[in-house]
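Presented below is the structure to which this report refers.
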Amino acid sequence: MKQYPGILYTLAAISAVGSISSCGKEQGRKQPNIVFIMTDDHTAQMMSCYDRRNMETPNLDRIAADGVRFTEAFVANSLSGPSRACLLTGKHSCANRFYDNSSCVFDFSQQTFPALLQEAGYQTAMVGKLHLEALPTGFDYWEIVPGQGDYYNPDFITMDGSTHNEKGYITNIITDKSLEWLENGRDKSMPFCIMIHHKAIHRDWLPELKYLNEYEDRTFELPENFHDDYAGRIAAASQEMSIAEDMDIVYDTKMFYEGADTRLTGLYKSFIGRLDPEEREVYDAFYAPLIADFVSRDLKGEELAEFKFQRYMRDYAKVVKSLDDNVGRVLDYLEENGLLENTLVVYTSDQGFYMGEHGWFDKRFMYEESMRTPLVMRLPEGFSRKGDITEMVQNIDLAPTFLELAGAEVPEDMHGVSLVPLLQGMHPDDWRTSLYYHYYEYPAEHMVKRHFGVRTERYKLIHFYNDQDFFELYDLQEDPCEMHNLYGLEGYGGITDSLKAELAMLQEKYDDPVRFGAEKARAGRQ
Ligand code: SGN
Ligand code: CA
4 MKQYPGILYT
14 LAAISAVGSI
24 SSCGKEQGRK
34 QPNIVFIMTD
44 DHTAQMMSCY
54 DRRNMETPNL
64 DRIAADGVRF
74 TEAFVANSLS
84 GPSRACLLTG
94 KHSCANRFYD
104 NSSCVFDFSQ
114 QTFPALLQEA
124 GYQTAMVGKL
134 HLEALPTGFD
144 YWEIVPGQGD
154 YYNPDFITMD
164 GSTHNEKGYI
174 TNIITDKSLE
184 WLENGRDKSM
194 PFCIMIHHKA
204 IHRDWLPELK
214 YLNEYEDRTF
224 ELPENFHDDY
234 AGRIAAASQE
244 MSIAEDMDIV
254 YDTKMFYEGA
264 DTRLTGLYKS
274 FIGRLDPEER
284 EVYDAFYAPL
294 IADFVSRDLK
304 GEELAEFKFQ
314 RYMRDYAKVV
324 KSLDDNVGRV
334 LDYLEENGLL
344 ENTLVVYTSD
354 QGFYMGEHGW
364 FDKRFMYEES
374 MRTPLVMRLP
384 EGFSRKGDIT
394 EMVQNIDLAP
404 TFLELAGAEV
414 PEDMHGVSLV
424 PLLQGMHPDD
434 WRTSLYYHYY
444 EYPAEHMVKR
454 HFGVRTERYK
464 LIHFYNDQDF
474 FELYDLQEDP
484 CEMHNLYGLE
494 GYGGITDSLK
504 AELAMLQEKY
514 DDPVRFGAEK
524 ARAGRQ
């Protein structure tokens with residue numbers, strides 16, 4: 004392992020005394036532990052430290068209140084597997100080669116931050132959803148769910164490659180296993196990094212049974228663009244992720260009535276079929292009156308869409324509630340065991356999600372709700388930064404951040420940038436002013452067209468390609484909900500040209516073979 008110039012510690016002493024950053028401010032500090040909690044599809048609209056409209060998340064808010072909240076955090080490719088590959092490698096999809104969930108297998112022989120942390124003297128662990136179609140390397144301990152995992156009585160794959168079943172609710176079990184490793188599994192003489200990666204809050208939002216009755220008296224406010232007509236946005240018009248059109252009345256909203264036979268009824272039956280007879284009784288007792296009422300009302304059109312929206316919001320909030328409890332358990336454990344002071348606690352999601360904005364659920368698009376991701380951190384000792392960090396950051400930045408904190412060298416080929424200067428309270432003049440995004444999974448579920456684009460503080464340019472050639476331009480200051488595509492309109496030529504130049508520069512910088520112009524696109528991945 005190479006060392007930073009001027010760094011004080013040696014590898015022999017690495018577990019005792021660390022030193023970070025070339026600025027020299029933090030020299031002599033112990034290597035911090037890292038607790039990296041991530042959820043699936045958890046969006047800031049459902050996290051009260053970002054948005055107070057919908058629900059309370061006291062434990063997640065604790066992280067932000069005691070530490071920092073990133074107000075401008077984004078992903079590079081808004082889908083589970085690709086996002087996880089970006090996080091592990093600190094690189095965009097074009098470089099880590101995990102483009103989509105449906106055709107890729109992650110190549111663990113490539114450089115990842117957990118393996119580099121091991122070299123830097125860390126014990127590393129990963130519990131929960133990996134979703135990379137391969138068994139992980141770079142971890143002293145791992146236990147993962149197969150694929151997407153199950154909410155009820157889930158299966159787990161252990162390090163010997165075998166699969167077994169466990170009784171309980173997934174979010175509680177992932178936390179139990181993580182706390183067990185922290186307490187009894189690790190070498191306590193070494194710094195550690197544990198990734199606690201939840202299946203929650205993924206579709207189809209099955210709540211913990213004890214929370215079935217929560218939020219039932221709440222009527223959530225419809226987003227102002229719930230009835231979007233997608234004028235001027237042809238990719239938005241052709242997606243299949245609309246609450247009104249595509250949300251499955253049985254699978255998603257649990258209205259499993261006699262004779263119901265939707266596309267996803269079979270999948271729903273298999274999920275709730277995992278409950279044991281007593282659990283099933285509790286589940287059915289909760290849903291029976293709701294289903295009877297739903298059937299008797301025979302809802303249609305907007306009324307049906309709004310019914311689905313309310314069921315969706317309630318279920319999602321219930322699943323977040325269990326997650327928030329479990330984040331609290333982790334914080335309490337760290338505190339009670341004297342670990343909180345020297346631990347970086349990170350909470351984020353693999354991407355944001357639509358809670359009815361544009362009429363949608365799911366993610367994938369480069370539009371704000373799904374390109375954004377929540378990101379809060381409780382900082383280890385030596386960092387007094389508190390409150391909001393407003394620089395634009397991206398999920399590829401976490402790997403270099405962890406490495407710098409560990410006192411390890413950040414490899415030059417990582418695309419991400421260490422956030423340590425921001426955590427130290429600096430506002431570097433040369434901080435990035437634009438973000439690159441590239442989504443590939445099409446044709447596939449939800450039918451979001453392939454696209455890439457650039458986002459600056461104020462503007463966003465998106466290019467939909469592959470089976471179409473279409474641009475969208477948004478002024479996020481004037482149109483934060485991205486309803487008005489300004490591309491090609493009079494007066495926007497100058498900003499369009501400069502965004503195209505910025506996009507070309509980013510594609511060059513990250514060496515993405517799919518670029519403007521058919522010649523280059525043909526040469527790259529289609
Ligand atoms: C599943 C879901 C989709 C979701 C993808 C990807 N369908 O296929 O709605 O977009 O996962 O999600 S389901 O019928 O199986 O629920 S991701 O977060 O894992 O990328
Ligand atoms: Ca996800």
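Each residue of the sequence shown is one higher than the last, beginning at 4 in my numbering. Cβ coordinates follow ideal geometry from the N, Cα and C atoms, glycine included.
Check: When DSSP labels each residue in this structure, what does Thr42 get in the three-state scheme?
Finding: Mapped onto the sequence shown, residue 42 falls at position 39. DSSP places Thr42 in strand when its eight states are reduced to three.
Inset, instruction - Using 10 angstroms around the beta-carbon of Met162, count the other beta-carbons present and answer buried if the total reaches 16, otherwise exposed. - result: Here the question's residue 162 lines up with position 159 in the sequence shown. By the neighbour-count rule (16 or more Cβ atoms within 10 Å), Met162 is not buried but exposed.
task = In the DSSP assignment, find the unbroken beta strand (DSSP E) run with Asp478 in it and report its ends.
result = The residue labelled residue 478 in the question sits at position 475 within the sequence shown. 473 to 478 is the span of the beta strand (DSSP E), which, as asked, contains Asp478.
For Thr127, which three-state DSSP category applies? Within the sequence shown, numbered from 1, the residue matching residue 127 stands at position 124. Three-state DSSP puts Thr127 in a strand.
message = Could you check whether Gly331 and Asn104 sit closer than 7 angstroms to each other, using their CB atoms as the reference points?
response = Working through the sequence shown from its first residue, we reach residue 104 at position 101. Working through the sequence shown from its first residue, we reach residue 331 at position 328. No, these two residues do not count as a Cβ contact at 7 angstroms.
*CA-to-CA distance, Gln242 to Asp514, given in whole angstroms*: In the sequence shown, residue 514 corresponds to position 511, counting from 1. In the sequence shown, residue 242 corresponds to position 239, counting from 1. Answer to the nearest angstrom: the Cα atoms are 29 angstroms apart.
Give me the Cβ distance between Asp207 and Phe274, rounded to the nearest whole Å; I'm assuming they're in contact under 8 angstroms. Position 204 of the sequence shown holds residue 207. Position 271 of the sequence shown holds residue 274. Indeed, because the Cβ distance is near 7 angstroms, the residues count as touching under 8 angstroms.
| task | Give the range of the alpha helix (DSSP H) segment to which Thr417 is assigned. | result | Indexing the sequence shown from 1 puts residue 417 at position 414. For the sequence presented, residue 417 should be read as Met rather than Thr. From DSSP, Met417 is part of no alpha helix (DSSP H); its letter is neither H nor E.
Just mark Ser83 as buried or exposed, buried being the case when its beta carbon has 16 or more other beta carbons within 10 Å. Taking the first residue of the sequence shown as 1, we reach residue 83 at position 80. Under this definition Ser83 is a buried residue.
- Query: Heavy atom of ligand 2 less than 6 angstroms from the Cβ of Asp103, yes or no?
  - Reply: Walking along the sequence shown from the start, residue 103 turns up at place 100. No; taking the cut-off as 6 angstroms, the Cβ of Asp103 has no heavy atom of ligand 2 nearer than that.
Here's the rule I'm using: 16 or more other beta-carbon atoms within 10 Å means buried, otherwise exposed. How should Ala291 be labelled?
Within the sequence shown, the letter at position 288 stands for residue 291. Exposed.
**OP:** With distances taken Cα to Cα, identify the nearest neighbour of Glu146 among Thr166, Glu136, Tyr218, Arg317.
**Re:** In the sequence shown, residue 146 corresponds to position 143, counting from 1. With distances taken between Cα atoms, Glu146 lies closest to Thr166.
task: Pick helix, strand or coil for His441, following the three-state DSSP scheme.
output: For the purposes of this step, residue 441 is taken as the residue at position 438 of the sequence shown. Of the three classes helix, strand and coil, the one that applies to His441 here is strand, per DSSP.
Check: Should Leu82 be counted as a contact of ligand 1 given a C-beta to heavy atom distance under 6 angstroms?
Finding: By 1-based counting over the sequence shown, the position of residue 82 is 79. For ligand 1, at least one heavy atom lies less than 6 angstroms from the Cβ of Leu82.
Alpha carbon to alpha carbon, how far is Leu382 from Cys97? Give it in angstroms, no decimals.
Numbered from 1 along the sequence shown, position 94 holds the residue referred to as residue 97. Numbered from 1 along the sequence shown, position 379 holds the residue referred to as residue 382. Going by the C-alpha atoms only, they are around 31 angstroms apart.
Beta strand (DSSP E) runs wholly inside the segment 84 to 159, at least 3 long, in chain order: 126 to 132, 144 to 148
Notebook entry, point to check: Of all the alpha helix (DSSP H) runs that stay within the bounds of the segment 205 to 240, which reach a length of 4 or more residues?
Noted result: none
- Give the DSSP-derived three-state secondary structure of Asn57 in the structure shown. Taking the first residue of the sequence shown as position 1, residue 57 is located at position 54. Three-state DSSP puts Asn57 in coil, outside helix and strand.
Item to complete: Tell me, to the nearest whole angstrom, how far the beta carbon of Ile160 is from that of Thr178; I am working on the premise that it is less than 8 angstroms.
Response: The residue you call residue 160 lines up with position 157 of the sequence shown. The residue you call residue 178 lines up with position 175 of the sequence shown. Between Thr178 and Ile160 the Cβ distance is about 18 angstroms, and since that is not below 8 angstroms, they are no contact.
Please return the same chain residues whose Cβ sits closer than 6 angstroms to the Cβ of Met41, not counting the five positions on each side in sequence. Within the sequence shown, residue 41 is the residue found at index 38, counting from 1. Cβ within range, chain order: His200, Thr351.
Notebook entry, point to check: Between the beta-carbon of Phe519 and the beta-carbon of Ala238, is there less than 7 angstroms?
Noted result: Along the sequence shown, read from residue 1 onward, the residue named residue 519 stands at position 516. Along the sequence shown, read from residue 1 onward, the residue named residue 238 stands at position 235. No, the Cβ-Cβ distance between Phe519 and Ala238 is not below 7 angstroms.
Are there any heavy atoms of ligand 1 lying less than 6 angstroms away from the beta-carbon of Glu281, as far as the coordinates show?
The residue given as residue 281 occupies position 278 in the sequence shown. Result no, Cβ not under 6 angstroms from ligand 1.
Note to self: Which of the three DSSP states is assigned to Gly27 in this structure?
What the structure shows: Along the sequence shown, read from residue 1 onward, the residue named residue 27 stands at position 24. Per-residue confidence for Gly27 stands at a pLDDT of 36, beneath the threshold of 50, marking its modelled position as unreliable; no derived number is given.
Whole-Å CB distance - Ser81 paired with Met395, under 8 angstroms assumed
For this step, residue 81 is matched to residue 78 along the sequence shown. For this step, residue 395 is matched to residue 392 along the sequence shown. Wrong, their Cβ atoms sit about 16 angstroms apart, outside the cutoff.
Report back the beta-carbon spacing between Pro210 and Pro35 to the nearest angstrom; my notes put them in contact at under 8 angstroms.
Residue numbering aside, residue 210 sits at position 207 when the sequence shown is read from its first letter. Residue numbering aside, residue 35 sits at position 32 when the sequence shown is read from its first letter. The pair is not a contact, with the Cβ atoms about 35 angstroms apart (cut-off 8 angstroms).
(Q) Distance check for Val423 and Cys26, CA to CA, integer angstroms please. (A) As a first step, residue 26 must be located in the sequence shown, where it is residue number 23. As a first step, residue 423 must be located in the sequence shown, where it is residue number 420. Because Cys26 carries a pLDDT of 37, less than 50, the predicted location of this residue cannot be relied on, and the following value inherits that uncertainty. Approximately 10 angstroms between the Cα atoms of the pair.
Next on the checklist: Check for me: the beta strand (DSSP E) holding Thr174 runs from which residue to which?
Outcome noted: Residue mapping note: residue 174 aligns to position 171 of the sequence shown, counting from 1. From DSSP, Thr174 is part of no beta strand (DSSP E) but of the alpha helix (DSSP H) over 173 to 183.
Between which two residues does the alpha helix (DSSP H) holding Ile294 run?
By one-based count along the sequence shown, residue 294 stands at place 291. Note, Ile294: alpha helix (DSSP H), 280 to 300.
Discussion item. If you reduce the DSSP assignment to three classes, tell me which class Ser273 lands in.
Written reply: In the sequence shown, the residue the question calls residue 273 occupies position 270. DSSP places Ser273 in helix when its eight states are reduced to three.
Checklist entry - Apart from the five residues just before and just after Ala123, which ones in its own chain have a Cβ nearer than 6 angstroms to its Cβ? => result The sequence position of residue 123 within the sequence shown is 120, counting from 1. Ala409, Ala411.
field: Any 3 or more C-beta pairs closer than 8 angstroms across the segment 217 to 227 and the segment 61 to 80
entry: no
Rounded to whole angstroms, how far is the Cβ of Tyr439 from the Cβ of Arg453, which I believe are closer than 8 angstroms? Residue numbering aside, residue 439 sits at position 436 when the sequence shown is read from its first letter. Residue numbering aside, residue 453 sits at position 450 when the sequence shown is read from its first letter. Actually they are not in contact, since the Cβ atoms of Tyr439 and Arg453 sit about 15 angstroms apart, beyond 8 angstroms.
Item checked: Closest Cα partner of Arg435 within the set Asp255, Met250, Ala47, Glu505 -> As a first step, residue 435 is located in the sequence shown; it is residue number 432 there, counting from the start. That would be Glu505, whose Cα lies nearest to the Cα of Arg435.
| said: In whole angstroms, give me the CA-to-CA distance for Gly152 and Tyr495. | reply: Here residue 152 refers to the residue found at position 149 of the sequence shown. Here residue 495 refers to the residue found at position 492 of the sequence shown. Cα to Cα, Gly152 sits roughly 46 angstroms from Tyr495.
Where DSSP assigns a beta bridge to Tyr350, which residues make up the other side? Taking the sequence shown and counting its residues from 1, one reaches residue 350 at position 347. The partner list for Tyr350 (beta bridge, DSSP) reads Ile40, Val379.
Is the distance from the Cβ of Ile246 to the Cβ of Gly131 below 7 angstroms? Here the question's residue 246 lines up with position 243 in the sequence shown. Here the question's residue 131 lines up with position 128 in the sequence shown. No, Cβ-Cβ distance for Ile246 and Gly131 is not below 7 angstroms.
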